[in-house]
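Numbering (full-length UniProt numbering), first residue to last: 1 to 426. Cβ coordinates follow ideal geometry from the N, Cα and C atoms, glycine included. Here is the structure we will look at.
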């Protein structure tokens, strides 16, 4: 063992400290991002003076840039180190958000939005990679659950801070101040990543005897199919924040205040129940089963929404929609836990960021495409649109265990076994 390698191993922090540091990084990142997201619409339309169409075009193109760049950045993270690359991405984002206050017309907005968008979708898979390197395999899904909880808390606090700020002043200076705060959060996150001694590889023993090299993820139809199924199931976020509010406002007599109540209940459930829903998620058979549960519950929630009409009493519609959103949140919790377990099990340690970036393509693709499709295909499609969406959710949930079983058989012989034997026998 070289002196440099020996020093690096001794300098690396413990599992517990690494987990706490990653939770802090996730909190800072989400808090800064949450401040921007809370005031983004106000900034785009009231400060810069963009139209809704211009904002939509800019964000859509930024999303496409992220789709194109996420996988190459993931491969780069495997080569140069996930912590180092993530620190660079945070500095990149900081620069972009510091330039945002100087945007005064559509084309500069488009340029900066795409500049930031190039790295946005690469961040989450690299955070997952860092978690996979910092903790043991049997603690991965639990740690990812904690990361998700911390991020949800940060987003809720950021939304609260924004509400307090705009209650005192709604001028451009306040929103620009939030942009600067976002940039500083990214800088702080980058400094934490640079100064900390996070592990560069998994702490679990590595089996060096491989029967065959793992398949190229972009050429592995089974892996891509799992990514697509996960992407479909992850549509719950767009449904909860776009489709259901639009349905409530335009197709029912439910009170408008119900939208805020639904989102608050969703956030509280995500924070308090994620750990419970993530139990046994490290075994791929159970992780895939969580996606089955997610598909069924998401389908049920869509069916409940489909039965609400404008002719029904407001209290009845409100009750049905509230219950539907509770059921949908169950689906969200199962979807997240299942995705972490499946993607981690199928990603070899030495190419983890690459595999996780490819796995995230399904969800990222849906995020770019479906926010514009849901209002037309589902909301305007009426009950038939909701039933159709429910069928799609159910099919994705049913397909996942079948695909995961096939993929895990290959993983047993082609990849390092990094989860329990029970999961390998899926």
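The beta-carbon distance between residue 325 and residue 244, rounded to whole angstroms, is 7 Å. This is short enough to meet the 8 Å contact definition.
In this structure, residue 85 sits near residue 126, with a CB-CB distance shorter than 8 Å. In this structure residue 229 touches residue 403 by the C-beta definition: roughly 7 Å separates them, less than 8 Å. The beta carbon of residue 375 sits closer than 6 Å to the beta carbons of 246 from its chain, once the five residues preceding and following it are set aside; these are given in chain order.
For residue 98, same chain residues with a beta-carbon under 6 Å away, outside a window of 5 residues either side, are 183 in chain order.
In this chain, the alpha helix (DSSP H) harbouring residue 352 covers 352-359. DSSP places residue 253 in the coil class of the three-state scheme, outside both helix and strand. With a cutoff of 8 Å on beta-carbon distance, residue 74 and residue 345 are scored as not near each other.
In this structure residue 390 is not in contact with residue 287, their Cβ atoms being roughly 23 Å apart against a cut-off of 8 Å.
The beta carbons of residue 342 and residue 284 sit about 6 Å from each other, so the pair counts as a contact at 8 Å. Nearest in C-alpha terms to residue 88, of all of 153, 18, 192, 37, is 192.
Looking at the backbone, the Cα of residue 272 and that of residue 153 are separated by about 10 Å.
DSSP, read as helix, strand or coil, puts residue 103 in coil. For residue 291, the enclosing alpha helix (DSSP H) begins and ends at 284-306. Separation of residue 21 and residue 113 (C-alpha to C-alpha, rounded to the nearest whole angstrom) is 29 Å. Put simply, the region 59-66 touches the region 116-123. At least three CB pairs are less than 8 Å apart. C-alpha of residue 279 to C-alpha of residue 47: approximately 46 Å in a straight line.
In this structure, residue 295 keeps its C-beta atom at 8 Å or more from the C-beta atom of residue 148. Per DSSP, reduced to three states, the secondary structure at residue 234 is coil, with no helix or strand assignment.
Secondary structure at residue 196: coil, using DSSP grouped into helix, strand and coil. Sixteen is the threshold: when 16 or more other Cβ atoms of the shown chains lie within 10 Å of the Cβ of residue 236, as they do, the residue is buried. Judged by DSSP in its simplified three-state form, residue 219 adopts helix.
When rounded, the separation of the alpha-carbon atoms in residue 197 and residue 218 is 32 Å. The Cβ-Cβ distance between residue 276 and residue 135 does not fall below 8 Å. The Cβ-Cβ distance between residue 222 and residue 406 falls below 8 Å. Rounded to the nearest whole angstrom, the CA to CA distance from residue 313 to residue 248 is 13 Å. Beyond the five residues adjoining it in sequence on each side, residue 165 comes within less than 6 Å, by CB distance, of 174 in the same chain, given in chain order. When the beta-carbon positions are compared, residue 158 and residue 35 come within less than 8 Å of each other. Around residue 252, the same chain offers 308, 309, 310, 312, 314, 317, 321 as residues with beta carbons nearer than 8 Å, after the five sequence neighbours per side are excluded. For residue 78, the CB contacts under 6 Å within the same chain, skipping 5 residues up- and downstream, are 351, 353, 354 in chain order. Residue 250 has its alpha-carbon roughly 42 Å from the corresponding atom of residue 129.
In this chain, the alpha helix (DSSP H) harbouring residue 344 covers 314-346.
The continuous alpha helix (DSSP H) containing residue 167 extends over residues 140-168.
259 is the residue among 227, 259, 226, 231 whose C-alpha sits nearest the C-alpha of residue 242. Remark: C-beta atoms of residue 291 and residue 400 approach each other more closely than 8 Å. Residue 150 and residue 45 have their C-alpha atoms spaced approximately 30 Å apart.
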